[in-house]
Amino acid sequence: MSAEHKQLESNNGCVHYWISRNCNQNAICILFTHGLTANHTMFEKQVEYFEASYTVITWDVPLHGLSRPYQNFSYENTAKELKAILNKENIKKVILVGMSMGGYPSQEFAYRYPENVDRMIMLNTTPFGLEFYSKSDLWWLKQAAPLGKWFTDRMLRESMAKSVSKTDYSYKKMIEMLNPLSKAEIIEQMDIAYGKFAKENKNVQFDCPVLLLLGDSDTTGKVKQYNKAWTKATSYPLHIISHAAHFSNGDNPEQVNLEIENFIQGKGSYDI
Numbered sequence: 001m002s003a004e005h006k007q008l009e010s011n012n013g014c015v016h017y018w019i020s021r022n023c024n025q026n027a028i029c030i031l032f033t034h035g036l037t038a039n040h041t042m043f044e045k046q047v048e049y050f051e052a053s054y055t056v057i058t059w060d061v062p063l064h065g066l067s068r069p070y071q072n073f074s075y076e077n078t079a080k081e082l083k084a085i086l087n088k089e090n091i092k093k094v095i096l097v098g099m100s101m102g103g104y105p106s107q108e109f110a111y112r113y114p115e116n117v118d119r120m121i122m123l124n125t126t127p128f129g130l131e132f133y134s135k136s137d138l139w140w141l142k143q144a145a146p147l148g149k150w151f152t153d154r155m156l157r158e159s160m161a162k163s164v165s166k167t168d169y170s171y172k173k174m175i176e177m178l179n180p181l182s183k184a185e186i187i188e189q190m191d192i193a194y195g196k197f198a199k200e201n202k203n204v205q206f207d208c209p210v211l212l213l214l215g216d217s218d219t220t221g222k223v224k225q226y227n228k229a230w231t232k233a234t235s236y237p238l239h240i241i242s243h244a245a246h247f248s249n250g251d252n253p254e255q256v257n258l259e260i261e262n263f264i265q266g267k268g269s270y271d272i
């Protein structure tokens, strides 16, 4: 099955998405949102696994992939774009999977449109919530883009890809997703995405079941510490992906896919 490439025009730009619609009209829809400087192909291992039994949507988040240029980026606007996609496809309920930065549009969407969310899987991401972040945490977030300017173009790409991956597949996939971007565009994405998170972060409460997934070798920022604090504060189950760094769905797609499917089907040790 091949996904159908579609576009959605909004006041801020053209948003590109891909849908593999299951022939079963009652099939559950899973919507995957990729991480910073990546694009929809970050989930190719998940699409391959799930499209036979589910309707699957991937997209290029505004400012990323083909969804460039895009004006007035904010997580509020990304949530509105997702809502417009679902309206266009006449999909009432989705399961959200957000990887790293992709967790922010997902959480924003669940906050604004809870009636449209069946459950959420947060993959190597961090929580919305004012209590989780100190002033120094937010300050360091804003330093990612300025620090990136000190790297040469090649060093920046290679260091980014190496830092998030544990397998050759994930490293090469990250390099491939970075290839179409100039160094200036990479830094712009980092600057806007982290800056907007600091401004739009808020206390939230989700009524739907939430699963946290984290690579056992994830050394990106304080992702591991935030996830431990997140599960402690909310009692959301936290499952560790073995032999995986930050790009855990690329490093160990077999376990990630199984964790997602078990969570959807209500199997395994899930406190939901």
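Counting from 1, position 19 in the sequence shown corresponds to residue 19 in full-length UniProt numbering; the numbering is continuous, with no gaps.
Cβ atoms here follow ideal geometry from the backbone N, Cα and C, with glycine treated the same way.
Pairing Asn249 with Phe50 gives a Cβ-Cβ distance that is not under 9 Å. Around the C-beta of Thr125, 16 or more other C-beta atoms lie within 10 Å, and the residue is accordingly described as buried. With a threshold of 16 other beta carbon atoms within 10 Å, Glu81 meets it and is buried.
Counting other Cβ atoms within 10 Å of its Cβ, Gly266 stays below 16 and is therefore classed as exposed. Between Thr33 and Leu96, the gap from beta carbon to beta carbon is short of 9 Å.
Inclusion of Met190 and Leu36 in the CB contact set at 9 Å is warranted, their separation being smaller than that value. Per DSSP, the beta-bridge partners of Gly13 are Ser10 and Tyr70. Annotation: Val15 to Lys162 spans about 29 Å, alpha carbon to alpha carbon. In the displayed model, Arg21 falls within coil according to three-state DSSP, outside both helix and strand. For the set Lys224, Lys88, Ile241 and Pro127, the Cα lying nearest the Cα of Glu259 is the one of Ile241. Judged by their CB atoms, Lys166 and His243 are nearer to each other than the 9 Å cut-off. Between Val47 and Val61, the C-beta gap is not smaller than 9 Å, which leaves the two residues out of contact. Looking only at Cys208, His40 and Arg154, the smallest Cα-Cα distance to Lys183 is reached by Arg154.
Taking 9 Å as the cut-off, the Cβ atoms of Val256 and Gln107 do not count as close.
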